[in-house]
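These notes concern the structure reproduced below.
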Amino acid sequence: MRVKEYLRRKVAFFASVIEIAISIIVLIAIVIAGIQVVREVFSLAGDSKAHEGFTVFLGHAFNLIIGVEFIKMLAKHTPGSAIEVLLFAIARQMVVEHTSPLENLIGIVTIALIFAIRKFLFVPSFGEHSAFHEEEETRAGALSAAGAPRRE
464 MRVKEYLRRK
474 VAFFASVIEI
484 AISIIVLIAI
494 VIAGIQVVRE
504 VFSLAGDSKA
514 HEGFTVFLGH
524 AFNLIIGVEF
534 IKMLAKHTPG
544 SAIEVLLFAI
554 ARQMVVEHTS
564 PLENLIGIVT
574 IALIFAIRKF
584 LFVPSFGEHS
594 AFHEEEETRA
604 GALSAAGAPR
614 RE
């Protein structure tokens, strides 16, 4: 039984390390792409077709925002951060892509459903539960080591 627990902890640890490595790689890519987006802003100044260039710029900017939100989702591990990534991805699709009225309606309904889920079905403490309990357990362990009674 102890071997099984040990292996589970090791697998979880290595999965966390891989997740952090992917986050770092994505962050580096965001910084590199961010430099390119800044260049695009300056190229819009002298462009006679700036409105077309602006659409491209807006798409790239939204991609950077979605990437940042993705990293935050990996770091926080909360349902709220996953919902934010979905919202930005849908918003990007609606704003940048020139979609049909039906696709716009579907996007609006999807965003409305996500907001309804967030308001009525989302429990904020769900994502914070483990961090809160780890802090409480650490505090309780320190108190019991000092001879104080432990809270259950």
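Taking this note's numbering, I'd label the letters of the sequence shown as residues 464 to 615.
Ideal placement from N, C-alpha and C gives every residue a C-beta, glycine not left out.
Three-way DSSP call (helix, strand, coil) for Gly509 in this model | In the sequence shown, counting from the first residue as 1, residue 509 sits at position 46. In the structure shown, Gly509 sits in coil (DSSP, three-state: anything other than H, G, I, E or B).
Can you tell which of Met557, Ile553 and Ile491 has the C-alpha that lies nearest to the C-alpha of Ile534?
-> Walking along the sequence shown from the start, residue 534 turns up at place 71. Looking at the Cα atoms, Ile491 is the closest of the given residues.
What's the gap between the Cα of Ala575 and the Cα of Ile553?
-> Start at 1 with the first residue of the sequence shown, and residue 575 comes out as number 112. Start at 1 with the first residue of the sequence shown, and residue 553 comes out as number 90. If you take the alpha carbons of Ala575 and Ile553, they lie about 11 Å apart.
Count the other CB atoms within 10 Å of the CB of Ile483; is the residue buried (16 or more) or exposed (fewer)?
-> The residue you call residue 483 lines up with position 20 of the sequence shown. When all chains shown are included, Ile483 counts as exposed.
Nearest chain D C-beta to Gly516 closer than 7 Å, yes or no?
-> Absence of chain D from the displayed structure is noted, only one protein chain being present.
State whether the region 541-548 contacts the region 561-573, with contact taken as three or more CB pairs (one from each stretch) at a distance under 8 Å.
-> no
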